[in-house]
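Have a look at the structure below before the remarks.
Protein chains: 2
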Amino acid sequence: MEILHTAAALHAYTENCRRAGQRLALVPTMGALHAGHLQLVEAAAEACDVVIVSIFVNPTQFNNPDDFRLYPRLPEADAALLGPAGCTVLFLPSVEEMYPQPSVLHFDFGPLERVMEGAHRPGHFNGVATVVSKLFHMCRPHQAYFGQKDWQQVAVVQQLVQDLSFDLELVSFPTVREPDGLAMSSRNRRLSAEARAVAPRLYEALEQAAAAVRSGLAPAQVQQQAAAYIAAEPAFTLEYFEVADAQTLQPVATREPGRAVVLCLAAHLGGVRLIDNVVVR
Amino acid sequence: MEILHTAAALHAYTENCRRAGQRLALVPTMGALHAGHLQLVEAAAEACDVVIVSIFVNPTQFNNPDDFRLYPRLPEADAALLGPAGCTVLFLPSVEEMYPQPSVLHFDFGPLERVMEGAHRPGHFNGVATVVSKLFHMCRPHQAYFGQKDWQQVAVVQQLVQDLSFDLELVSFPTVREPDGLAMSSRNRRLSAEARAVAPRLYEALEQAAAAVRSGLAPAQVQQQAAAYIAAEPAFTLEYFEVADAQTLQPVATREPGRAVVLCLAAHLGGVRLIDNVVVR
C-alpha cells in the first residue's frame, strides 16, 4: 500500500492508472476506521483494480469547533487496517494541501439540505460537496463508495454527481452495526462506558418506529412515540427524529404506497452527537 | 472533424484520448462563431492534440427568455468554420442531453457575483458554473479556453477550478475587436445597421475612461464621464459602468498602485444587450 500526502502526487498517480486502463475506486473517509469503512474498502477491492482511501477530517464540514477538535484521529492504526482490506493507496493530505486558499464558492442543495443534518449543521453539506468534488477530481474514480449511515450525505453527493455530470458511479452500502444494534461510527470511540451501554436505544427506537410505520401508524404519531422512547433514558438529548421520503428527504405527513420512507435521527449522548437511520420500503 | 451529440459518446471519446496520452483542449461556446472564437480554437490547436469545441446555448445561464430565444443559432455555418481552425471534435448536445433532469444544486460565488453581470442577471453564473462543470467532466480537458470579453465569467470559472480542484489549466484570451473597435460578439448579428453604426461608442467610452484612470482621475468621476459620453447617443441605455479591481471585481473608490483595474460596462442598444471591458494595469 502506498501512502500519498499531496494532491500533485495523487493526480499523477491516478492519471497513470487511467492511462494504464485500470479501474479506480475511491473510499473517502475521515479516518478512525471501523468495520463499516473496511467493508466499503473490501467491496471496492472486489470491483476495481485500484482502491484509494482518503483520510481527511474536513474542517469545512464541521459547524461545531469542538466536534472538529475532538474527532478521533488515528492514522497509524488506520493504515494498519487498510492494507489487508485491499487498499492500494492511502491519501493522507493536510488541510493546507486540500485548501491552499479558502473557498469562495458555496453549494446550495435546496430542499435536500433544508432538513435534518443540513438544517442542524449549517454549512455542513457545502463542506461535504466541496471536499468530495476535490477528491473526485484528484482521484478520477470510476466508483466512489459511501455508507448509508449518512443517508442524507449519500443523497446530496448523488445530486452533486448528477447535476455536475461527474463521470463516476456512486456505490452506497448499508450501515454496519455492533451486535447490540448500535450503528458503527468513528464517534462511538468517544462514548463513556455508561453512554455506550445505553446507546443501542437509538436503534431500538428506529426499529420500533419502522414497525409502527409498516403497521400503518401516521408519521406524526411514529415520531412522537420514538421521541418518548428515547427521552425515557435521560442521558439522551434528541435533536431530531424525522419520517421522511427516502429520495427527497422531505418529511411525510402520510405514507404513500410504493414510496420508501427513511426514519432518521440525531441525538446527543454524553457530549457526543450520534446519527442513525432505517429505511422502510 | 467529428461531430458528437451525446454525453456518452463524448465521455467515451475523451476517455480514449486520455488513455492514448493525448493532450485535450476544450473551447466552450454558444455558437454563432466569430473571429474571437476561432482565435481560441487556433490557440488550442497549437497547444493540444485534440480540440473539442462545444456549441450549446445554455438555457440555465439566461435570465431573460427573449435573450435566450433570440440568441443566434447557426450550427452549419459554425461547423464549416471550425474544421479549418483546428477543431477535432464538435460537441453539439441538445438541452435534454445536458440536463436529463433539472438541476437542484445551486452555486454561489459570493462577492464575485454580487456585482456587474451577476447583479444584473440573477442566476447567470450559477448556470455558467453548472454547464462548465458538466463540460469539464465530459471533455476531461488539460486546458480550457475562454475569452476575456466575459471578464467576470473568466474570474468565476477560475474560482470554480480553484475551489473544486479541477485538474486543468484555464487559458484566457484578449478580446478580439472589429476594425472600428466594437468587441466581437455573437449578439452583434442582431444589431440593425443604425445600431451597428453607433455601437463602437462603447469601446470609445472604455478607452477614454482607461486614459482618465491612467491620468489619475478618481473612479467616481471616470464613471460619470463615461456614462455621460454613452448617454450622448440616445440609442443606448447604459445598464452599468464599473471601475473594479481586476481580480476581486469589487468597485474601487481610489486606485491602488500596483493593482490592475478593469472597466466594465453593459448597455442595451436596439433591443440587444452588449458588454465590453478594458483592463488598466
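Read top to bottom, the protein sequences are chains P and E. Taking our numbering, the leading residue of the first sequence gets 914, the next gets one more, and so forth. Taking our numbering, the leading residue of the second sequence gets 914, the next gets one more, and so forth. C-beta: ideal position from N, C-alpha, C; glycine also.
Mind listing, in chain order, the continuous beta strand (DSSP E) runs of no fewer than 3 residues lying wholly within the segment 1089-1172 of chain E?
If only complete runs of 3 or more residues are kept, the segment 1089-1172 of chain E shows the beta strand (DSSP E) at 1149-1158, in order along the chain.
Whole runs of the beta strand (DSSP E) within the segment 985-1030 of chain E, excluding any shorter than 3 residues:
Runs of beta strand (DSSP E) with 3 or more residues, each lying fully within the segment 985-1030 of chain E, are found at 1002-1004, 1019-1021, listed in chain order.
Touch check for the segment 944-959 of chain E and the segment 1064-1080 of chain E: three-plus C-beta pairs under 8 Å?
no
As assigned by DSSP and simplified to three states, the class of residue 1077 (chain E):
Here residue 1077 (chain E) refers to the residue found at position 164 when the second sequence is read from its first residue. Three-state result, residue 1077 (chain E): coil.
Local Cβ density within 10 Å of residue 1174 (chain E), reported as buried at 16 or more and exposed below that:
Sequence index remark: in the second sequence, residue 1174 (chain E) carries index 261 (1-based). Looking at its Cβ environment, which holds 16 or more other Cβ atoms inside 10 Å, residue 1174 (chain E) is buried.
So with CB distances below 7 Å, who are the chain E contacts of residue 920 (chain P)?
In the first sequence, the residue the question calls residue 920 (chain P) occupies position 7. The answer, in chain order, is 1078.
Minimum Cβ-Cβ distance from residue 1046 (chain P) to chain E less than 8 Å
Position 133 of the first sequence, counted from the start, is the residue given in the question as residue 1046 (chain P). With 8 Å as the cut-off, residue 1046 (chain P) counts as an interface residue toward chain E.
Does any C-beta atom of chain E lie closer than 8 Å to the C-beta of residue 1158 (chain P)?
Sequence index remark: in the first sequence, residue 1158 (chain P) carries index 245 (1-based). No, residue 1158 (chain P) does not count as interfacial toward chain E.
Closest residue to residue 962 (chain P) among P:938, P:1021, P:1136 (Cα-Cα distance):
As a position in the first sequence, residue 962 (chain P) is number 49, starting the count at 1. When each option's Cα is compared against that of residue 962 (chain P), the closest is P:938.
May I ask you to list the residues that DSSP assigns as paired with residue 1186 (chain P)?
For this step, residue 1186 (chain P) is matched to residue 273 along the first sequence. Residue 1186 (chain P) is bridged by DSSP to P:1181.
Is residue 1044 (chain E) near the ligand ADP - that is, is its Cβ less than 7 Å away from at least one heavy atom of it?
This structure lacks the ligand ADP; in fact it carries no ligand of any kind.
Chain C contact for residue 1019 (chain P) (CB, 8 Å cutoff):
Reference to chain C is not applicable here, since the protein chains of this structure are P and E.
Through-space distance from residue 989 (chain P) to residue 928 (chain E), alpha-carbon basis:
Numbered from 1 along the second sequence, position 15 holds the residue referred to as residue 928 (chain E). Numbered from 1 along the first sequence, position 76 holds the residue referred to as residue 989 (chain P). Cα to Cα, residue 928 (chain E) sits roughly 36 Å from residue 989 (chain P).
Secondary structure of residue 954 (chain E), DSSP reduced to three states
Within the second sequence, the letter at position 41 stands for residue 954 (chain E). If DSSP states are grouped into helix, strand and coil, residue 954 (chain E) belongs with the helices.
Can you give me the start and stop residues for the alpha helix (DSSP H) that residue 1040 (chain E) sits inside?
Residue mapping note: residue 1040 (chain E) aligns to position 127 of the second sequence, counting from 1. Counting along the chain, the alpha helix (DSSP H) containing residue 1040 (chain E) begins and ends at 1037-1052.
Starting from residue 978 (chain E), trace the alpha helix (DSSP H) both ways and give me its first and last residue.
Residue mapping note: residue 978 (chain E) aligns to position 65 of the second sequence, counting from 1. Looking at the DSSP string, the run of the alpha helix (DSSP H) that includes residue 978 (chain E) is 978-983.
Please check if any C-beta of chain P sits within less than 8 Å of the C-beta of residue 1051 (chain E).
The residue labelled residue 1051 (chain E) in the question sits at position 138 within the second sequence. For residue 1051 (chain E), at least one C-beta of chain P is nearer than 8 Å to its own C-beta.
Contact check, residue 1096 (chain E) vs residue 1189 (chain E) under 8 Å by CB: the rounded distance?
Residue numbering aside, residue 1096 (chain E) sits at position 183 when the second sequence is read from its first letter. Residue numbering aside, residue 1189 (chain E) sits at position 276 when the second sequence is read from its first letter. So it is a contact: roughly 5 Å between Cβ atoms.
Could you say which of P:1021, P:933, P:1112 lies nearest to residue 1145 (chain P) if we only look at CA atoms?
Indexing the first sequence from 1 puts residue 1145 (chain P) at position 232. Looking at the Cα atoms, P:1112 is the closest of the given residues.
Beta-carbon separation (whole angstroms), residue 955 (chain P) vs residue 996 (chain P), contact threshold 8 Å:
Taking the first residue of the first sequence as position 1, residue 955 (chain P) is located at position 42. Taking the first residue of the first sequence as position 1, residue 996 (chain P) is located at position 83. Not really, about 12 Å apart at Cβ, beyond 8 Å.
Please list, in chain order, the chain E residues whose beta carbon lies closer than 8 Å to that of residue 1043 (chain P).
Position 130 of the first sequence, counted from the first residue, corresponds to residue 1043 (chain P). Per Cβ cutoff of 8 Å: 1076, 1077.
Count the other C-beta atoms from every protein chain shown that fall within 10 angstroms of the C-beta of residue 979 (chain E), then say buried if there are 16 or more, exposed otherwise.
Looking up residue 979 (chain E) in the second sequence gives position 66. When all chains shown are included, residue 979 (chain E) counts as exposed.
Would you give the residue range spanned by the alpha helix (DSSP H) that residue 927 (chain E) belongs to?
As a working note, residue 927 (chain E) is residue 14 in the second sequence. 920-932 is the extent of the alpha helix (DSSP H) around residue 927 (chain E).
Compare the C-beta of residue 1025 (chain E) against all C-beta atoms of chain P and say whether one is closer than 8 Å.
In the second sequence, residue 1025 (chain E) corresponds to position 112, counting from 1. Yes, contact with chain P.
Please list, in chain order, all residues of the same chain as residue 925 (chain E) whose beta carbon is under 6 Å from its beta carbon, the five residues on each side excluded.
On the second sequence, residue 925 (chain E) is found 12 positions in, with the first residue counted as 1. If we look at residue 925 (chain E) and ignore the five residues flanking it on each side, it has no Cβ neighbours.
Along chain P, in chain order, which residues have C-beta atoms closer than 8 Å to that of residue 1040 (chain E)?
Counted from its first residue, the second sequence places residue 1040 (chain E) at position 127. Result: empty, since nearest Cβ-Cβ is about 12 Å, beyond 8 Å.
Contact set for residue 1140 (chain P): own chain, Cβ-Cβ below 7 Å, skip 5 residues either direction
The sequence position of residue 1140 (chain P) within the first sequence is 227, counting from 1. Only 1151, 1154 meet the Cβ criterion.
Figure out for me which residue from P:1182, P:969, P:1191, P:1041 has the closest Cα to the Cα of residue 1147 (chain P).
In the first sequence, the residue the question calls residue 1147 (chain P) occupies position 234. It is P:1182.
Taking Cβ positions only, does residue 1056 (chain E) come closer than 8 Å to chain P?
Within the second sequence, residue 1056 (chain E) is the residue found at index 143, counting from 1. Not an interface residue.
Continuous beta strand (DSSP E) stretch holding residue 1056 (chain E): start and end:
Sequence index remark: in the second sequence, residue 1056 (chain E) carries index 143 (1-based). Residue 1056 (chain E) -> beta strand (DSSP E) spans 1056-1060.
Just reading off the beta strand (DSSP E) that residue 942 (chain E) is part of, what are its end residues?
Numbered from its first residue, the second sequence carries residue 942 (chain E) at position 29. 937-942 is the span of the beta strand (DSSP E), which, as asked, contains residue 942 (chain E).
Residue 1046 (chain P), buried or exposed, once every other Cβ within 10 Å from all chains shown has been counted against 16
Counting from one through the first sequence, the residue named residue 1046 (chain P) turns up at place 133. Classification of residue 1046 (chain P): buried, given that the 10 Å Cβ count is 16 or more.
DSSP three-state call for residue 970 (chain E): helix, strand or coil?
Start at 1 with the first residue of the second sequence, and residue 970 (chain E) comes out as number 57. The answer is coil: DSSP assigns residue 970 (chain E) none of H, G, I, E or B.
Among P:1103, P:1193, P:1027, the one whose alpha carbon lies nearest that of residue 983 (chain P)
Translated into positions along the first sequence, residue 983 (chain P) becomes position 70. When only C-alpha atoms are compared, the closest one is P:1103.
Residues of chain E with CB under 8 Å from residue 1016 (chain P), in chain order?
Working through the first sequence from its first residue, we reach residue 1016 (chain P) at position 103. Ordered by position in chain E, the residues that pass the 8 Å Cβ test against residue 1016 (chain P) are 1076.
If you check the beta carbons only, do residue 1038 (chain P) and residue 1020 (chain P) fall under 8 Å apart?
The residue you call residue 1038 (chain P) lines up with position 125 of the first sequence. The residue you call residue 1020 (chain P) lines up with position 107 of the first sequence. It is a contact, given that the beta carbons lie within the stated cut-off.
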